[in-house]
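Numbering (my numbering) for the sequence shown: 190 to 344. Below is one structure, written out as structure tokens, with a few remarks after it.
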Amino acid sequence: MNDRNLLQRAIKIAEEGIIDGNGPFGAVITRGGKIIAEAVNKVVLSVDPTAHAEILAIRRASEVMKTHNLADCVIYASCEPCPMCLGAIYWSGIRKVVYASDRNEAAASGFSDSQIYNEIALDPAKRKIMFIRHNDAGGEEVFRKWDKFENRIPY
Numbered sequence: 190m191n192d193r194n195l196l197q198r199a200i201k202i203a204e205e206g207i208i209d210g211n212g213p214f215g216a217v218i219t220r221g222g223k224i225i226a227e228a229v230n231k232v233v234l235s236v237d238p239t240a241h242a243e244i245l246a247i248r249r250a251s252e253v254m255k256t257h258n259l260a261d262c263v264i265y266a267s268c269e270p271c272p273m274c275l276g277a278i279y280w281s282g283i284r285k286v287v288y289a290s291d292r293n294e295a296a297a298s299g300f301s302d303s304q305i306y307n308e309i310a311l312d313p314a315k316r317k318i319m320f321i322r323h324n325d326a327g328g329e330e331v332f333r334k335w336d337k338f339e340n341r342i343p344y
């Protein structure tokens, strides 16, 4: 299947998801041109604010491939991934994203991510959500243990 056909699949499952009461987003992940995972946004029905189509598709692809590294995969999304999904795409190692609608079209339908994009750029002390850091809590010790742990798997 080519990029256009796979993108059309993501759009189709997004449309089908609306009928079932889900959000208007769909995602498909491929490896070697074959679909290994697909998902629709299930935020409301699963009562999970992280249940975006891209996140769910990444989770399924990782289960199928039995790895956290999806570097040889492509994700097709009905809409430009939000900041959370973009972060997950980077963490998973996916190197290609093909999408249809953009963030402006999503915002016109009530799905605006602009506040999140703006907040990410700010110093934590200037964000709308209160961030409190305790420098003396010992958090750095966890990283020292990680640094010394012989069986760690980098990601």
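Glycine residues also receive a C-beta, built at the ideal position from the N, C-alpha and C atoms. Only a predicted model underlies this, so the values are computations on that prediction, with no experimental measurement involved.
Beta-bridge partners assigned by DSSP to I264: I218, V286. Counting every other CB atom within 10 Å of its CB across the protein chains shown gives H257 a total below 16, marking it as exposed. In this structure, K285 and V253 do not form a Cβ contact; the two beta carbons are roughly 18 Å apart against a cut-off of 8 Å.
Between R248 and W280, the alpha-carbon positions lie close to 12 Å from each other. Annotation: the continuous beta strand (DSSP E) that includes K223 extends over 223–229. Closest in C-alpha terms to I305, from the list E294, K317, G299, comes K317. Distance between K231 and M190, taken at the CA atoms: about 26 Å.
Following the DSSP letters along the chain, one finds E294 inside the alpha helix (DSSP H) bounded by residues 292–297.
A distance below 6 Å between beta-carbons, with the five flanking residues on each side excluded, links H241 to the following residues of its chain, in chain order: N230, C274. Separation of L234 and K337 (C-alpha to C-alpha, rounded to the nearest whole angstrom) is 43 Å. At a Cβ-Cβ threshold of 8 Å, E204 and A216 do not count as neighbours. Only residues of its own chain outside the window of five on either side were considered, and among them V233, L234 have a CB closer than 8 Å to the CB of G210, listed in chain order. Only buried fits T219, as 16 or more other CB atoms lie within 10 angstroms of its CB. The residue among C271, R198, D261, K223 with its C-alpha nearest the C-alpha of P238 is C271.
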